[in-house]
Amino acid sequence: MKKCFLLLFVIVGIGVNLNANPDNPVTWSYSVNPVEGNKAELVFSATIAPGHQLYATEIPEGGPLPTGFFYTESEAFKKIGKIREVPEPKIKHDDIFGMDIGVHTKSVKFVQVIEILSETDFSIIGTMDYMVCTADMCMPFSDIDFKFTVKGCPQTYTHLASGEVADNAETSSENIWWFVFLALGAGLAAVLTPCVFPMIPITVSFFMSGGAKRSEGVLKGLIFGFSVALIYSLLGVVVAITKSADFANVLSTHWIANLIFFALFVLFACSFFGLFEIMLPTGLSNKLDAKADKGGLIASFFMAAVLTLVSFSCTGPF
């Protein structure tokens with residue numbers, strides 16, 4: 198009787214061992230790691246049984262089954278980028294498939310960054326496929342369930358009817374002031390560019406000429422500044438209407454336009470050095486002088502146009 202029980206125990210023990218090893222070569226655990234803003238990391242942690250190897254997420258065509266993760270669609274989150282493997286897979290030659298393949302042994306973490314689009318807690322469910330091999334055999338596993346519980350995050354955006362995400366106007370005052378100071382710093386840096394810096398003495402002399410009153414100089418400066426903004430804005434409108442992102446770039450870099458600018462600058466330089474004097478027709482000159490005496494509106498606008506033309510090649514988004 199005792200021998201029968203002992204024999205039954207050995208048979209059951211062998212059955213359990215045979216069933217445990219092939220069915221559980223990889224033990225999985227799941228965690229959620231918050232990162233900056235409304236982003237988080239979904240971490241798939243795998244512990245691999247000794248003597249086994251788990252394949253990477255990217256495998257050459259004709260190779261074994263790669264490790265893949267498949268998510269149930271949800272409006273509560275969206276994936277950002279590709280999944281990351283930590284540590285990176287080791288490339289080794291696989292005799293079974295006859296190719297170099299990325300594999301993991303002992304343990305590995307698969308990390309997927311997501312953007313949280315829900316203010317309330319939610320679950321992420323899905324399935325995974327993978328293959329585990331030993332020196333003698335391979336075992337594919339498919340439709341293995343996984344589940345993450347993710348905490349909601351206060352949103353700084355709104356959902357549009359089309360499903361796109363638009364920026365909300367709720368921006369902290371610190372970010373606004375940082376943006377303003379960045380814009381001012383970029384503008385001051387642009388003054389040192391070779392297209393803008395040589396225009397400083399010409400511009401300054403324009404505002405100080407004629408013994409104008411302080412109020413007239415301020416008015417000229419305001420008209421000058423608004424004219425520069427208006428000219429660049431009109432250029433932006435042209436680019437937007439024509440839907441040609443290369444228009445501005447071609448205008449500022451094409452050899453014909455730059456050759457014309459070069460000739461004009463040489464002409465102006467010769468005039469500045471006293472070789473000859475550039476004069477407008479008498480009638481036009483008198484009209485412009487009359488307008489300048491009334492506040493310099495037209496003169497300020499044309500001065501802004503000259504500066505815009507000259508500095509165009511040195512402008513760009515800061």
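For the working numbering, count along the sequence shown from 1 and bump the result up by 197. Using N, Cα and C, we set each Cβ at its ideal position, and we do this for glycine too. Predicted model only: the values in this text are computed from it and were never measured.
Per DSSP, cross-strand counterpart(s) of Lys344: Ile322
Cβ pair count under 8 Å reaching 3, the segment 253 to 265 against the segment 220 to 229: no
Beta-ladder partner(s) of Asn230, from DSSP: Glu238
Cut-off 6 Å between Cβ atoms - residues of its own chain near Ala501, not counting five sequence neighbours on either side: Phe421, Ser424, Val425
Among Pro247, Asp342, Thr505, Phe499, the one whose alpha carbon lies nearest that of Gly323: Asp342
Pick from Leu385, Asp318, Val329, Ile321 that is closest to Thr254, judged by C-alpha positions: Val329
Val305 - partner residues in DSSP beta bridges: Ala243
The segment 304 to 322 in contact with the segment 273 to 283 per 3-pair CB rule at 8 Å: yes
Validate contact between the segment 378 to 388 and the segment 459 to 468 using beta carbons, cut 8 Å, 3 pairs: no
Reference Ala454, options Met296, Leu506, Asp318, Val434, closest by Cα: Leu506
Residue nearest to Phe274 in terms of C-alpha spacing, selected from Lys410, His249, Phe319: Phe319
Alpha-carbon spacing of Val435 relative to Tyr429, whole angstroms: 10 Å
Status (buried if at least 16 other CB within 10 Å, exposed otherwise) for Ser339: exposed
Chain-order list of residues whose beta-carbon lies under 7 Å from that of Phe499 (same chain, five-residue window excluded): none
Selected residue, minimal CA-CA separation from Glu272, among Ile293, Thr317, Phe470: Thr317
Residues that DSSP places opposite Pro337 in a beta bridge: Met328
Local conformation of Glu413 per DSSP, three classes: helix
Candidates Tyr252, Asp292, Ile298, Phe473, of which the one nearest Pro337 by Cα: Tyr252
Neighbour flag for Tyr327 against chain C, beta carbons, 8 Å: This model lacks chain C altogether, as it is built from one protein chain only.
Neighbourhood of Ser315 by C-beta distance below 6 Å, restricted to the same chain and skipping five residues each side: Ala273, Gly349
Host alpha helix (DSSP H) of Asp220 (start-end): 199 to 220
C-beta contact flag for Thr400 and Leu504 at 8 Å: yes
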